[in-house]
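Heads up: the sequence shown is residues 1380 to 1802, going by this note's numbering.
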Amino acid sequence: MEGNKRRLVEELMKKSHYFYRQRNYQKTKETLETVLEMKTEDLGEDDLEVAETLYQLGGVLRTEGNFSEALEKLKRALAIRVAKLGENHADIADTYRAIGSILYEEQENYEEAEKMYRKVLDIKLKILPNDHFDVTDLYMHLGYLLTKQGKFSEATKIQKLQLATLLEKHGEDYPNVVLVYDGIAELLILQNRLDDALQMLERGIEICNRLQPLGDHNMDILARTLLEKANILDKQGNFEAAAETFNKVVRIQVETVGEMHPEIAGTYEALARAYIQQDMPESAIEPYMKAFRIHRKELGNDHAHTKELAVCLEVLEHQKNAIALNEQGLSMKAEGDLERAMKLFEEALDMHKEVSIVSFTIVSVYENIAAVKVDQGLLEDAIAASAEALKIRRRKHGDDHADTKRRMEAHRSLLRRLLETRS
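Here it is in structure tokens:
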């Protein structure tokens, strides 16, 4: 390729990188297609530079969601690279992996994806030590693919083989051992063995805590392990522990990538949801607001998720105000001003209904209304409010929960009192 044309290609590549950073994937694709045409014309269809541009185009097409065309470009790049470099080259492994990633992450073609990942692993084991991060990561993905196909014993065997290799060479206090424990935990999660998965993650966390001081790489591993633990706790309904663990992840991510990084937005949202499950809207507002600011910066105000977060924040503000009204109502009741207390409780109830909130705050409001109605001698109204509170508790917790049982007994007591007044 002549000097002027080479400089033009280099200039176009810089533009493609700029467009990609700006998330302008259409312009990125068009620029790379121009580069591909120029390289093919000057260097021929089977040149390694042509393969590199095909590989980059495949990545952009995947980002756009055009998976079939992405695979076609990647397979053309693979054919050129295999012909020029042979099978055992890092670029070949990268291309196999890119193909495999689309097959399993985007198309859920786990059987074909497994074949690609096995090829990648074969190459990596020939060019890297078997305790290298890339090898550990491949074992983890292979385990995942096997598990998705129901091959649980084979998946576990692969992970344990890698674990034994690492333990023999490095002992337990080694970062990649944590990754293997994480991988085993992921397999257990897919089998719904959440308690066993937590045990694996706890081992990894203990190792990270012993690896002091932690560098950025180990901090990332710890954050990932804690995040998986928090997600399990959330699934198990242990929202207080989940929130505590999500907070630990946030602190690490803020330190390593900064509080406005897109990576941290999902953690903020998970933390906020854990607070909401505990009926703590005041605590949920701050992480939701931080997630909203990140998405607004990255995606703009008109993006669906940005709008969704804006709605969540509005609902939480309503709930926060409803809680304040409920607390004011309790103060009025304690002072004996039942009429003012009732008005405040009804305002809190209307605020909940306005945004269709179903939470334990509304349960508290209904129960407080029932108590005021009892003090006013309006037993039928008290029973109606008590019934609404009981209905929500049964739906949220079930009949066997201690709080449901207490509410049920209180409701029966009201019914008995009503019968006594009528007899």
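Each residue gets a CB set at the ideal place from its N, CA and C atoms; glycine is no exception.
Since the model is a prediction, treat every value here as computed from it, not as a measurement.
Along the chain, where does the alpha helix (DSSP H) that runs through Tyr1397 open and close? Per DSSP, the continuous alpha helix (DSSP H) segment holding Tyr1397 begins and ends at 1382 to 1400.
Sequence-distant residues of its chain with Cβ nearer than 7 Å to Glu1676 (five each side left out): Note that residue 1676 is Lys in the sequence shown here, rather than Glu. Only Met1639 meet the Cβ criterion.
Output the residue ranges of the alpha helix (DSSP H) runs that lie fully inside the stretch 1733 to 1779 and measure 4 residues or longer, sorted by chain position. Listed in chain order, the complete alpha helix (DSSP H) runs (minimum 4 residues) inside the stretch 1733 to 1779 are 1739 to 1754, 1758 to 1776.
Identify whether Tyr1553 lies in helix, strand or coil by the three-state DSSP scheme. Residue state, collapsed to three classes: coil.
Within its chain, find whatever has a CB closer than 7 Å to the CB of Ala1761; leave out the 5 residues flanking it on each side and keep chain order. Excluding sequence neighbours, Ala1761 sits near Ala1749, Lys1752, Val1753, Leu1793.
Nonlocal neighbours in the same chain, by C-beta distance under 7 Å from Gln1486, ignoring five residues either side: In chain order, Phe1446 place their CB closer than 7 Å to the CB of Gln1486, counting only its own chain and leaving out the 5 sequence neighbours on each side.
Spatial neighbours of Leu1411 in its chain, beta-carbon cut-off 7 Å, leaving aside the 5 residues before and after: Cβ neighbours of Leu1411 beyond the five flanking positions: Ser1395, Thr1432, Gln1435, Leu1436, Val1439.
Would you list, in sequence order, the uninterrupted alpha helix (DSSP H) runs of no fewer than 4 residues that lie entirely inside the stretch 1571 to 1657? Every alpha helix (DSSP H) of 4 residues or more that sits fully in the stretch 1571 to 1657 is shown, in chain order, as 1573 to 1589, 1595 to 1614, 1618 to 1636, 1641 to 1656.
Can you have a look at Leu1457 and say buried or exposed, based on whether 16 or more other CB atoms are within 10 angstroms of its CB? By the neighbour-count criterion, in which 16 or more other beta carbons inside 10 Å mark a residue as buried, Leu1457 falls on the buried side.
Quick one: any contact between the stretch 1697 to 1705 and the stretch 1618 to 1631, if contact means 3 or more CB pairs under 8 Å? Not touching, per the Cβ criterion.
Which of helix, strand or coil DSSP assigns to Gln1528: Residue state, collapsed to three classes: coil.
DSSP three-state assignment for His1674, whether helix, strand or coil: His1674 falls in the helix class under three-state DSSP.
Return the residue from the list Pro1554, Asp1613, Arg1572, Asn1571 that minimises the CA-CA distance to Asp1806. The shown model of the chain, from 1380 to 1802, leaves out residue 1806, and the question about it has no answer.
Any idea if Ala1683 is buried or exposed, counting beta-carbon neighbours within 10 angstroms, 16 or more meaning buried? In summary, Ala1683 is exposed, with fewer than 16 beta-carbon neighbours lying within 10 Å of its beta-carbon over all protein chains present.
What does a CB cutoff of less than 7 Å around His1776 pick up in its chain, not counting 5 residues either side in sequence? Excluding its 5 nearest sequence neighbours in each direction, His1776 has C-beta neighbours in its own chain below 7 Å: Asp1782, Thr1783, listed in chain order.
In terms of alpha-carbon separation, which member of Arg1385, Asn1403, Asn1383, Ile1611 lies closest to Leu1678? If we check each option's Cα against that of Leu1678, Asn1403 comes out closest.
Taking 8 Å as the threshold (C-beta atoms), are Met1495 and Ile1478 in contact? Going by C-beta atoms, Ile1478 is nearer than 8 Å to Met1495.
Tell me which residues share the same chain as Glu1746 and place their Cβ nearer than 6 Å to its Cβ, disregarding the 5 neighbours each side in the sequence. Taking Glu1746 as the centre and dropping the five residues before and after it, the same chain places the C-beta of Ala1768 closer than 6 Å to its C-beta, in chain order.
If you reduce the DSSP assignment to three classes, tell me which class Gln1707 lands in. It is helical.
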